[in-house]
């Protein structure tokens, strides 16, 4: 299915997942108010200064953030239980979503961009 908007993408999920995706979106918007949103690769993405910053997506058993590549040692230690690939973190549905960790990731990505 092709999604025209982020809202359309989020609305395609069951209520509990919609709530999680909306909260991830809300928190990213608060952290990066100058970011733009779009659908890219059929999932929501935030861009900053015309360059992709972070993608997020819902799946059957988890929600994910991409790309989360090299991060500092403290952040990597906290992300380790959620790593599923070199640049992907997965947060299982049915468990509390670590929104504070998601915020730390986004903040780190923004700082890396500023360098």
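Numbering (the working numbering), first residue to last: 686 to 800.
Note that beta-carbon positions come from the ideal geometry of N, C-alpha and C, so glycine has one too.
Every unbroken beta strand (DSSP E) within the stretch 687 to 742, with a cutoff of 3 residues, ordered by chain: 721 to 725, 728 to 733
Distance CB(residue 793)-CB(residue 756) smaller than 7 Å: Along the chain shown, one-based indexing puts residue 793 at 108. Along the chain shown, one-based indexing puts residue 756 at 71. Yes; because the gap between Cβ atoms is below 7 Å, this pair is in contact.
Residue 794 (DSSP reduced to helix, strand or coil): Reading the chain shown from its first residue, position 109 is the one you call residue 794. In the structure shown, residue 794 sits in a helix (DSSP, three-state: H, G or I).
Spatially closest choice to residue 735 from 771, 759, 722, by CA coordinates: Sequence index remark: in the chain shown, residue 735 carries index 50 (1-based). Of the candidates 771, 759, 722, the one whose C-alpha sits nearest the C-alpha of residue 735 is 722.
Beta-ladder partner(s) of residue 747, from DSSP: Numbered from 1 along the chain shown, position 62 holds the residue referred to as residue 747. DSSP output for residue 747 lists 777 as bridge partner(s).
Validate contact between the stretch 690 to 701 and the stretch 760 to 770 using beta carbons, cut 8 Å, 3 pairs: no
Beta carbon of residue 774 nearer than 7 Å to that of residue 705: Position 89 of the chain shown holds residue 774. Position 20 of the chain shown holds residue 705. Contact flag unset, no.
Euclidean distance between Cα positions of residue 754 and residue 764: Within the chain shown, numbered from 1, the residue matching residue 754 stands at position 69. Within the chain shown, numbered from 1, the residue matching residue 764 stands at position 79. Between residue 754 and residue 764, the C-alpha separation is close to 11 Å.
Helix, strand or coil at residue 770 [DSSP, three-state]: In the chain shown, counting from the first residue as 1, residue 770 sits at position 85. It is a strand residue.
Residue from 720, 739, 779 whose Cα sits closest to the Cα of residue 745: Start at 1 with the first residue of the chain shown, and residue 745 comes out as number 60. For the residues 720, 739, 779, the minimum Cα distance to residue 745 belongs to 779.
Proximal residues to residue 790 (C-beta, below 8 Å), its chain only, five neighbours per side dropped: Counted from its first residue, the chain shown places residue 790 at position 105. Excluding residues within five positions, the ones whose Cβ falls inside 8 Å are 739, 750, 753, 756, 760, 764, 774.
Coarse secondary structure for residue 789, derived from DSSP in three states: For the purposes of this step, residue 789 is taken as the residue at position 104 of the chain shown. Residue 789: helix per DSSP, three-state reduction.
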